[in-house]
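With numbering that gives the first Met the number 0 applied, the sequence shown corresponds to residues 0 to 641, in that order.
For every residue, glycine included, the Cβ atom is placed at its ideal position computed from N, Cα and C.
First the structure, in the form of structure tokens, and then the observations on it.
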Amino acid sequence: MKFISISNTSILAAVDGVVRIIGPNGQDLAVFEGMAVPAGSIVVLHPEHETVEFLEYQLELTDLIAADIETTNLETENLQTDEFSSPSSHKFHDDQNHHLVGHEVAYTDVDTSDSTGYVTVVLDDGEIGITAEEEGVDWALVIGQLLVSLENGSTPQVKENDEAGTDAGVVLSFSEEVTLVPTFSLVDTDGNEVTDGPFTIDPVTGKVTVNDSSLIDAETAQEMPITVLLTYGEGLTISVPMTIQVIDENEFDVSAPEDVDAVIDAVSEDANIGDTVGITASATDLDITDNTVSYELVDAEGAEYTGPFKIDSETGVVTVNGPLDAETAQSHSFYIRAISSDGSSATSSEQIINIIDEDETSVSFGDNPDANADADFVSEDAVKGTEIGITAAAEDDASANLIFSIVDADSNPLPSDQQPFAIDPLTGVITVNDPSLIDAEAGPSMEIWVLVESDDGSSELRQFTVQVGDVDEQSVEAPQDANTDADFVLENPTIGDTVGVTAAAIDDATAALTYSMSDADGNAVTGSAFAVDSETGVVTVADDSQFDHETADTMSFYVRVDSDDGTFNVQQFTVSVGDVNETPSFGQVDLVSSEDEPILLTQETLLASASDVDDGDVLAVTDLVYEGSNATLTDNGDGTWT
0 MKFISISNTS ILAAVDGVVR IIGPNGQDLA VFEGMAVPAG SIVVLHPEHE TVEFLEYQLE
60 LTDLIAADIE TTNLETENLQ TDEFSSPSSH KFHDDQNHHL VGHEVAYTDV DTSDSTGYVT
120 VVLDDGEIGI TAEEEGVDWA LVIGQLLVSL ENGSTPQVKE NDEAGTDAGV VLSFSEEVTL
180 VPTFSLVDTD GNEVTDGPFT IDPVTGKVTV NDSSLIDAET AQEMPITVLL TYGEGLTISV
240 PMTIQVIDEN EFDVSAPEDV DAVIDAVSED ANIGDTVGIT ASATDLDITD NTVSYELVDA
300 EGAEYTGPFK IDSETGVVTV NGPLDAETAQ SHSFYIRAIS SDGSSATSSE QIINIIDEDE
360 TSVSFGDNPD ANADADFVSE DAVKGTEIGI TAAAEDDASA NLIFSIVDAD SNPLPSDQQP
420 FAIDPLTGVI TVNDPSLIDA EAGPSMEIWV LVESDDGSSE LRQFTVQVGD VDEQSVEAPQ
480 DANTDADFVL ENPTIGDTVG VTAAAIDDAT AALTYSMSDA DGNAVTGSAF AVDSETGVVT
540 VADDSQFDHE TADTMSFYVR VDSDDGTFNV QQFTVSVGDV NETPSFGQVD LVSSEDEPIL
600 LTQETLLASA SDVDDGDVLA VTDLVYEGSN ATLTDNGDGT WT
């Protein structure tokens, strides 16, 4: 077993009944209690009889500084007082040249009024522990030398999580020459025995072990003092203070970072690189050692953050690292990851930095004036409040307040009775205001003018178009003549000639209509004098042989219209048949008379076989020529001939 010597040790004599062996750093190495110590005495222990002897000799501080007591042969060394300069007439042995140890020697001629002296004993290598001339005297005990055995070759220590019974690496013992062996116990600062503390000691061997590991915590104390009490019989004790180091273990992971900056998390869009944003991350690893924390920014998936901010890995301060634009993004978010040197890591909650807008632009509808991706459509039977698929959206500085309104093309407010639509002034959502003003039959689409005004004083006007959806509101009506020309055809037409009639029916705006010829009941007919275009409703001549003014000066027909909503209707149309001046027909007239007898030829006689189909035409003979040779023809001048 290796013994460690206690160097530069002081034995202090005091009047309070306590003698302390003081080490070079001023700490107590041993404390002797329960002794009545006269003022100015040098204390010597008598191991065999467990008594304390006193040398009533007054020494100054410098008296023994140069003392040569390194010798290992105390038997042959007289240690006379003249070696210490004063008093020269006395020696540290009695008249029989016996050492002072174990003997009562009185020096009555010494002034003991000053009780401040003490003796410094230099123990340089532990060899002072050999036995002196007197049998049974142990100099190691006489000078109070306690030898500490460090079983692990280093400072006494335990881990903060060591179980009960774990060796603290400390054994208090004496040299082999020690004949008076104490019992060991642990005491508190008041000298009371400690049995429920963090450590315990074997009363026989002096081995210190862990007693209650819950009381050992490196985060609370990395050094734990204990006091070992050595008891030598009755009345004599020595207390030995010492320190046991507590080795930290990795018990804690780093905490999730929190923002300890009380400033609002916001920054101007005009901020410079390096400007702070109001976030300072702070995380802790409660372990005493291996607890250095660093910081980094990550995204929601834990990947490296690539946005316009960065964090100081040591201080946790977040700063601007790129351009900002409130019009593009009014806020940015990221997460902060704390990493401890023990390998643990933790991530903060989402950190949101608001971007403060600056007045840079005027209001504008921009390239996407309608924020609603739905079709711009309204049914003609929509009720008040129905959205029509238009959300007016304008661009301005992010912090600008915008107001939307519906106006006319000159930005004037619409009269109350001319407002088919309404707009939310804040959101720009357009809805139906007056359903009675929305009619697909009036038009397939409607125009809306929207005015947006910004609180920076700027404004802009924009036109929107909404399609009006038709609803099956009615059955098809009887067709009417959409042609303003006269309903007329000459009696000798050509097939395909128009007759001045264009059938046109009214139905829902989106209804598909088909026209055909029919009877009064809507039944299909064949052989009609007329035909109608199924799509346009234009009526034309189908059979020219049926047109004869002299037979009928008007002709009627029916047109049927069919709607794709399943309804149909019939309308009669009448066309006047115009007369054409046709050539009269003239047949042969036979006349019989006697020779030399005159014959009177009247109009009736001459026109007896003539005819003219034209209504109202009157036939008359205006000229008569005889081409024969056996008679003469005389014009009587009155429309007759002889």
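From residue i to residue j, what does the alpha carbon distance come to, in whole angstroms?
| i | j | result |
| --- | --- | --- |
| Glu159 | Asp356 | 55 Å |
| Val470 | Val537 | 27 Å |
| Ser212 | Val276 | 46 Å |
| Asp252 | Arg336 | 13 Å |
| Gln351 | Glu300 | Before going further, note that residue 351 is Ile rather than Gln in the sequence given. If I take the Cα positions, the gap works out to 16 Å. |
| Glu248 | Ala167 | 16 Å |
| Asp201 | Asn210 | 11 Å |
| Thr283 | Val266 | 27 Å |
| Thr204 | Thr219 | 30 Å |
| Asp189 | Pro181 | 20 Å |
| Phe364 | Ala392 | 6 Å |
| Val258 | Thr360 | First, the residue type needs correcting, since residue 258 is Asp and not Val in the sequence shown. About 34 Å. |
| Gln329 | Ala217 | 48 Å |
| Val239 | Tyr304 | 59 Å |
| Asn191 | Asp311 | 53 Å |
| Ile225 | Val169 | 11 Å |
| Phe403 | Val431 | 16 Å |
| Ser184 | Gln221 | 23 Å |
| Val186 | Lys206 | 15 Å |
| Ser527 | Met554 | 11 Å |
| Met241 | Gly164 | 19 Å |
| Thr513 | Asn411 | 45 Å |
| Glu162 | Glu250 | 15 Å |
Please state if the CB of residue j and the CB of residue i are separated by a distance shorter than 7 Å.
| i | j | result |
| --- | --- | --- |
| Gly521 | Val558 | no |
| Thr390 | Gly427 | yes |
| Val449 | Glu459 | no |
| Asp547 | Glu490 | yes |
| Ile215 | Val245 | yes |
| Val317 | Ile278 | yes |
| Ser347 | Ala270 | no |
| Leu606 | Leu618 | yes |
| Val647 | Asp395 | Outside the shown range of the chain (0 to 641) lies residue 647, about which nothing can therefore be said. |
| Asn400 | Asp454 | yes |
Name the DSSP beta bridge partners of residue i, please?
| i | result |
| --- | --- |
| His331 | Ile352 |
| Thr493 | Answer is none; Thr493 lacks a bridge partner. |
| Glu222 | Gln244 |
| Ser575 | Phe487, Thr553 |
| Lys309 | Thr318 |
| Glu394 | Ser363 |
| Asn568 | Val560 |
| Thr604 | Thr604 pairs with nothing; no bridge assigned. |
| Gly468 | Ser378 |
| Lys158 | Ile246 |
| Leu296 | Ile335 |
| Ser344 | Ile338 |
| Glu446 | Thr464 |
| Phe585 | Ala609 |
| Asp662 | This structure cannot speak to residue 662, because the chain is shown only from 0 to 641. |
Could you check if residue i is buried or exposed, using at least 16 other CB atoms within 10 Å of its CB as the buried criterion?
| i | result |
| --- | --- |
| Asp274 | exposed |
| Tyr625 | exposed |
| Thr291 | exposed |
| Thr501 | buried |
| Ser517 | buried |
| Lys383 | exposed |
| Gln156 | buried |
| Ser339 | buried |
| Thr154 | exposed |
| Gly442 | exposed |
| Ile127 | In this prediction, Ile127 has a pLDDT of 27, which is less than 50 and means its spatial position is unreliable; what the coordinates show is noted afterwards. Classification for Ile127: buried. |
Give me, in chain order, the residues of the same chain whose beta-carbon lies closer than 7 Å to that of residue i; leave out the 5 immediate sequence neighbours on both sides.
| i | result |
| --- | --- |
| Glu446 | Gln462, Thr464 |
| Asp496 | Val488, Thr539, Val540 |
| Ser378 | Gly468, Val470 |
Can you list, in chain order, the residues of its chain with a C-beta nearer than 8 Å to that of residue i? Leave out the 5 residues immediately preceding and following it.
| i | result |
| --- | --- |
| Ser474 | Asp506, Ser562, Asp564, Thr566, Asn568 |
| Gln417 | Leu436 |
| Val620 | Gln602, Leu605, Leu606, Gly638 |
Which same chain residues end up closer than 6 Å to residue i when comparing Cβ atoms and leaving out the 5 residues on each side of it in sequence?
| i | result |
| --- | --- |
| Asp484 | Gly499 |
| Asp552 | Val576 |
| Ile68 | Bear in mind that a pLDDT of 29 at Ile68, under 50, signals an unreliable position, so the number given afterwards is only what the model happens to contain. Taken in chain order, the list of residues that qualify is empty. |
| Ser343 | Asp252, Val253 |
| Asp373 | Gly388 |
| Ser584 | Ser610 |
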